[in-house]
Amino acid sequence: MKEINTAEVFPTLRNISLSRRTFVACAAIAAAQAALVSAGCAPEVQPSGEGLASTAAFVPGTYTASAPGKKGPVTVEVRMSESAIESVEIVEFEDTERISAPARERVPQQIVELQSLNVDTVTGATLTSMAIIESVADCVNQANGDASALKKAASPEKSDETKEIQADLVVCGAGGAGMAAAVAAAQQGLDVVVFEKTAYAGGNALVSGGWLEVFEGVDDMKPDMTDGNRDMFHATLQKSLDNGVPKDFVDAVQADFDAYFAAGNTKVYDSMEYYALDYASRNGGPAKEYWLPYAHKVNDLNNWLFDQGYTVSGTLVGIVGFPWPRKAHAVDKENGEGFFSVFDNTVETQNLPITFLFETPVSELIVDGKAVVGASGQCADGTTYRVMADRGVILATGGYSGNPDLLKKYNEMWPWDESTVIPTTNSYGHTGDGHVLAEGLGAELKNMGRQMVFPIADSIDYSTETIVGNTGLGLFVNVNGERFINESLDRFALSAAVMKQPEEKLFIISDALNSGLVNGYNEQGYSADKLIEESKLFRADSIEELAQMIGADPSVLAKAVDDYNAIARGDVADTVFGRENMSEKDAIVEAPFYASPRTWAAHVTIGGVSVGPDYQALTADGAGIEGLYVVGECSDGNSGVSSMSTGLSCVNQMLA
1 MKEINTAEVF PTLRNISLSR RTFVACAAIA AAQAALVSAG CAPEVQPSGE GLASTAAFVP
61 GTYTASAPGK KGPVTVEVRM SESAIESVEI VEFEDTERIS APARERVPQQ IVELQSLNVD
121 TVTGATLTSM AIIESVADCV NQANGDASAL KKAASPEKSD ETKEIQADLV VCGAGGAGMA
181 AAVAAAQQGL DVVVFEKTAY AGGNALVSGG WLEVFEGVDD MKPDMTDGNR DMFHATLQKS
241 LDNGVPKDFV DAVQADFDAY FAAGNTKVYD SMEYYALDYA SRNGGPAKEY WLPYAHKVND
301 LNNWLFDQGY TVSGTLVGIV GFPWPRKAHA VDKENGEGFF SVFDNTVETQ NLPITFLFET
361 PVSELIVDGK AVVGASGQCA DGTTYRVMAD RGVILATGGY SGNPDLLKKY NEMWPWDEST
421 VIPTTNSYGH TGDGHVLAEG LGAELKNMGR QMVFPIADSI DYSTETIVGN TGLGLFVNVN
481 GERFINESLD RFALSAAVMK QPEEKLFIIS DALNSGLVNG YNEQGYSADK LIEESKLFRA
541 DSIEELAQMI GADPSVLAKA VDDYNAIARG DVADTVFGRE NMSEKDAIVE APFYASPRTW
601 AAHVTIGGVS VGPDYQALTA DGAGIEGLYV VGECSDGNSG VSSMSTGLSC VNQMLA
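Just so you know, UniProt numbering puts 653 at position 653 of the sequence shown, and the rest follows in order with no gaps.
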């Protein structure tokens, strides 16, 4: 693919393409994506003839106002002259950095350039966009202006053009799996075009914990092996035998475990084989045939990311539903931002030939005969892009946890009916678009009833990032202050239990030592004080006071904590719920004490498009659809951050 002159693709764009790396940002996109969007825009004014800013009159001055965004207030500072809005500055926000960045860049710019509040919201950051617009409207009214008139003023012009692009490979979706595929393909010399529904790269990885599962080269990050870990290990092996895993495979893991400690090791044991048994026991599926190869793909992903400069630090931990301590965070980056900062840097420094079409959802897969040869989609500015690809198309559009209709259509396991409101942890856009496109070409959809619910989503905004408490594995109590579950169970069991609790709600109880707070911030970078201010966290100097804050009987919560502490100390076994992985560090003994209010929300979909070993889409009779590959959560059996590995694996096999 020859380098594209962005001024030819759309005249209002500044042509600032770098070497062979080209970014086509449609006219709806501003320069707000760090390395992943380099082209700014200068949208033309299309006046509506009513309420234009040229006739506006303001009391000159600087004004401040706030409006609610997705995760908290967005505060703006607006400077006005007698006849114009001269500047709009975002002075405070809480929404996810990379997701909200295009809105924080583009919306103020358009308001000032167009002297209008009739500006476009940014796809995927609508709530941040609206918060900015409403905050500026408040400032306009404070200055004795007419905000309602400015909401009818000039608006950005839309295009009706169609642009043709030739590429080697098309990738649909710039989340974890899509970006891994695009970067890996470009590193091997392919010209790649990436369609992305939102205005940013990152997908659901940006609102996940951003945990990387690591097996090798992290001995110094492993915690000490505990008796609770040993009990959980043996329970997993027994469950594997009960589930029909071949005894020789289980015995080999036991022998490796024994040899590890016989050699004098004292840190927690792990291996890709044990990972396979662990995940098969929690997610289902064959350990040796599916999960062991998957573990090797995850390890390949880790090594590839480390080669790009990705680094992890701290102590390996377990998380809710997956308590074995093998999860690591990126250094100095919250959530999944660490992955995409690395991708930013790789694309920039290696001058990779990738064209990103943001705010351009794929609406059609282009077919020649029976082969998929390209894709088409319309950008938010109206421009239609038709991209032909010599090597085919990779669908990496994510799951459908953000589509309640599809969740209910395929549901086989949750107590939902047509009236159920299904919240989701997902970022915007995960609505099953790729599933629908592939099915339209005859691809089989498999295991669509396998829908994983997250059992400890924020009870107010349904996010995963506001958790406080022992990495999600602390004491779980309901609104009455009663412990109700073995906190180390899989997410399916945990979510089912939460749905049966009063108000379908729980609290994670923790203390100063196991809250996960460091210098007043949780693992995802949220301030405890801010969470308390927003009623997303409660803090007290005694368990009894904490109980009053959450509306529970103090004696009931105190008993739950005392019983839990006795199990953690090893004084008694957990005969009620059967939790094995307990140690003294789990005890809740030192003030201040915390209660993190949580609930359930749709999280990931495990079923998807049926694919072969090379990720080629398959029909119901097992035939491959030429030129169509499916990775990440869009494909059957893959979900979570680790499914990023399928994007890398797909490209490596395609180019082998």
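C-beta atoms are modelled at their ideal positions from N, C-alpha and C, and glycine is treated no differently. Bear in mind that the values here come from a model prediction, so they are computed numbers and not experimental data.
Legend entry - Alpha-carbon to alpha-carbon, D160 and M654: In the sequence shown, residue 654 corresponds to position 654, counting from 1. In the sequence shown, residue 160 corresponds to position 160, counting from 1. Cα-Cα distance, rounded: 36 Å.
Legend entry - Simplified DSSP assignment, three categories, for K71: Your numbering for residue 71 matches position 71 in the sequence shown. It is coil, neither helix nor strand.
Inset, instruction - Determine, using beta carbons only, whether M388 and V367 come nearer to each other than 8 Å. - result: The residue given as residue 388 occupies position 388 in the sequence shown. The residue given as residue 367 occupies position 367 in the sequence shown. Not in contact: M388 and V367 (Cβ atoms no closer than 8 Å).
Inset, instruction - Along the beta strand (DSSP E) that carries I509, what are the first and last residues, could you check? - result: Stepping through the sequence shown from its first residue, residue 509 is reached at position 509. Under the DSSP assignment, I509 falls in the beta strand (DSSP E) whose first and last residues are 505-510.
Inset, instruction - Could you tell me the boundaries of the beta strand (DSSP E) in which W304 lies? - result: Looking up residue 304 in the sequence shown gives position 304. First-last for W304: 292-308, but that is the alpha helix (DSSP H), not the beta strand (DSSP E).
Inset, instruction - Output the boundary residues of the beta strand (DSSP E) element that contains L279. - result: To locate residue 279, count along the sequence shown from 1; it is residue 279. As written in the sequence, residue 279 is Tyr, which differs from the Leu given in the question. Run containing Y279: none in the beta strand (DSSP E); it sits in the alpha helix (DSSP H), 272-283.
Inset, instruction - Note down, in chain order, each residue of its chain lying with its Cβ closer than 6 Å to the Cβ of A276, except the 5 sequence neighbours on either side. - result: For the purposes of this step, residue 276 is identified with residue 276 of the sequence shown, where counting begins at 1. Only residues of its own chain outside the window of five on either side were considered, and among them A287, W291, L292, A295 have a CB closer than 6 Å to the CB of A276, listed in chain order.
Legend entry - Sub-8 Å separation of V91 and V76 beta-carbons: Along the sequence shown, read from residue 1 onward, the residue named residue 91 stands at position 91. Along the sequence shown, read from residue 1 onward, the residue named residue 76 stands at position 76. V76 sits close to V91, with the two beta carbons spaced by under 8 Å.
Inset, instruction - Would you mind sorting H329 into buried or exposed? The rule is 16 or more other CB atoms within 10 Å of its CB. - result: Against the sequence shown, residue 329 aligns to sequence position 329. When all chains shown are included, H329 counts as buried.
Inset, instruction - May I ask you to report which of helix, strand or coil DSSP gives C172? - result: Locating residue 172 in the sequence shown gives position 172, where the first residue counts as 1. Three-state DSSP puts C172 in a strand.
Inset, instruction - Could you check the C-alpha separation between G228 and A438 for me, to the nearest Å? - result: Translated into positions along the sequence shown, residue 228 becomes position 228. Translated into positions along the sequence shown, residue 438 becomes position 438. Rounded to the nearest angstrom, the two C-alpha atoms are 45 Å apart.
Inset, instruction - Measuring only between beta-carbons, confirm whether A262 sits less than 8 Å from chain B. - result: Absence of chain B from the displayed structure is noted, only one protein chain being present.
Legend entry - From E337, E465, S459, A591, residue whose alpha carbon lies closest to that of S535: Along the sequence shown, one-based indexing puts residue 535 at 535. Taking the Cα of S535 as reference, the smallest distance to any Cα among E337, E465, S459, A591 is reached at S459.
Inset, instruction - Flag this pair as touching only if the region 338-357 and the region 127-134 have three or more C-beta atom pairs under 8 Å; answer yes or no. - result: Taking 8 Å as the limit for Cβ pairs, the verdict is that the region 127-134 does not touch the region 338-357.
Inset, instruction - State buried or exposed for F476, treating a residue as buried only when at least 16 other CB atoms are found within 10 Å of its CB. - result: Walking along the sequence shown from the start, residue 476 turns up at place 476. Counting Cβ neighbours within 10 Å, F476 comes out buried, since at least 16 surround it.
Legend entry - Distance between Q142 and G442 (C-alpha atoms, nearest Å): As a working mapping, residue 442 is identified with position 442 in the sequence shown. As a working mapping, residue 142 is identified with position 142 in the sequence shown. Answer to the nearest angstrom: the Cα atoms are 58 Å apart.
Legend entry - Ranges of the alpha helix (DSSP H) found wholly within the region 134-167, counting only runs of at least 4: With a minimum length of 4 residues, the continuous alpha helix (DSSP H) runs that stay inside the region 134-167 are 147-150.
Inset, instruction - Could you have a look at M179 and say whether DSSP puts it in helix, strand or coil? - result: As a working mapping, residue 179 is identified with position 179 in the sequence shown. Looking at M179 - three-state DSSP - the assignment turns out to be helix.
Inset, instruction - Examine the Cβ distances between the region 297-304 and the region 632-650 and report whether three or more of them are shorter than 8 Å. - result: As far as the Cβ criterion goes, the region 297-304 touches the region 632-650, which means the pair count is three or higher.
Legend entry - Run of the beta strand (DSSP E) containing R386, from where it starts to where it stops: Taking the first residue of the sequence shown as position 1, residue 386 is located at position 386. Per DSSP, R386 belongs to the beta strand (DSSP E) from 384-389.
Inset, instruction - Drop a sphere of 10 angstroms on the beta-carbon of V576, count the other beta-carbons inside from all chains shown, and report buried for 16 or more, exposed for fewer. - result: In the sequence shown, counting from the first residue as 1, residue 576 sits at position 576. Counting the other Cβ atoms within 10 Å of the Cβ of V576 gives fewer than 16, which makes it exposed.
Legend entry - Rounded separation between A25 and F93 - CA only: Translated into the one-based positions of the sequence shown, residue 25 becomes position 25. Translated into the one-based positions of the sequence shown, residue 93 becomes position 93. Legend: pLDDT at A25 = 42, less than 50; position of this residue unreliable, value from coordinates given subsequently. Straight-line measurement puts the Cα of F93 at about 25 Å from the Cα of A25.
Inset, instruction - Determine the burial state of N265: buried for a count of at least 16 other Cβ atoms within 10 Å of its Cβ, exposed for fewer. - result: By one-based count along the sequence shown, residue 265 stands at place 265. Exposed, since its Cβ has fewer than 16 Cβ neighbours within 10 Å.
Inset, instruction - Return the CA-CA distance between A375 and D636, expressed in angstroms with no decimal places. - result: Along the sequence shown, one-based indexing puts residue 375 at 375. Along the sequence shown, one-based indexing puts residue 636 at 636. A375 and D636 have their C-alpha atoms roughly 22 Å apart.
Legend entry - A57 vs S116 beta-carbon contact at 8 Å: Here residue 57 corresponds to residue number 57 of the sequence shown, with the count starting at 1. Here residue 116 corresponds to residue number 116 of the sequence shown, with the count starting at 1. In this structure, S116 does not lie closer than 8 Å to A57 by Cβ.
Inset, instruction - With DSSP collapsed to three states, give me the class of A184. - result: Within the sequence shown, numbered from 1, the residue matching residue 184 stands at position 184. Look at A184 here: in three-state DSSP terms it is helix.
Legend entry - Expected contact under 8 Å - CB spacing of V468 and S495 to nearest Å: Numbered from its first residue, the sequence shown carries residue 468 at position 468. Numbered from its first residue, the sequence shown carries residue 495 at position 495. Not really, about 20 Å apart at Cβ, beyond 8 Å.
Inset, instruction - Give the straight-line distance between the Cα atoms of C379 and F195, rounded to the nearest whole angstrom. - result: What you label residue 379 is simply residue 379 of the sequence shown in a count that begins at 1. What you label residue 195 is simply residue 195 of the sequence shown in a count that begins at 1. One C-alpha to the other measures close to 9 Å.
Inset, instruction - Would you please state the rounded distance, in angstroms, between the beta carbons of F454 and H603? I believe it to be under 8 Å. - result: Mapped onto the sequence shown, residue 454 falls at position 454. Mapped onto the sequence shown, residue 603 falls at position 603. F454 to H603, Cβ: 4 Å. Contact.
Legend entry - Candidates Q308, E273, G440, of which the one nearest I625 by Cα: What you label residue 625 is simply residue 625 of the sequence shown in a count that begins at 1. For the residues Q308, E273, G440, the minimum Cα distance to I625 belongs to G440.
Legend entry - Residue from S87, E82, V589, S515 whose Cα sits closest to the Cα of V64: Your numbering for residue 64 matches position 64 in the sequence shown. For the record, residue 64 in the displayed sequence is Thr; it is not Val. Out of S87, E82, V589, S515, the CA that lies nearest to the CA of T64 is found in S87.
Legend entry - Any non-hydrogen atom of the ligand SAM closer than 7 Å to V268 Cβ: This structure lacks the ligand SAM, and indeed carries no ligand of any kind.
Inset, instruction - In angstroms with no decimal places, state the Cα-to-Cα distance between G72 and D95. - result: Stepping through the sequence shown from its first residue, residue 72 is reached at position 72. Stepping through the sequence shown from its first residue, residue 95 is reached at position 95. When rounded, the separation of the alpha-carbon atoms in G72 and D95 is 7 Å.
Legend entry - Euclidean distance between Cα positions of V250 and G607: By 1-based counting over the sequence shown, the position of residue 250 is 250. By 1-based counting over the sequence shown, the position of residue 607 is 607. Roughly 27 Å between the two C-alpha positions.
Legend entry - Straight-line Cα distance separating A617 from G392: Locating residue 392 in the sequence shown gives position 392, counting from the first residue. Locating residue 617 in the sequence shown gives position 617, counting from the first residue. Looking at the two C-alpha atoms, the distance is approximately 12 Å.
Inset, instruction - Tell me R483's beta-bridge partners as DSSP assigns them. - result: The count along the sequence shown starts at 1 and reaches residue 483 at position 483. When beta bridges are read from the DSSP output, R483 appears opposite V477.
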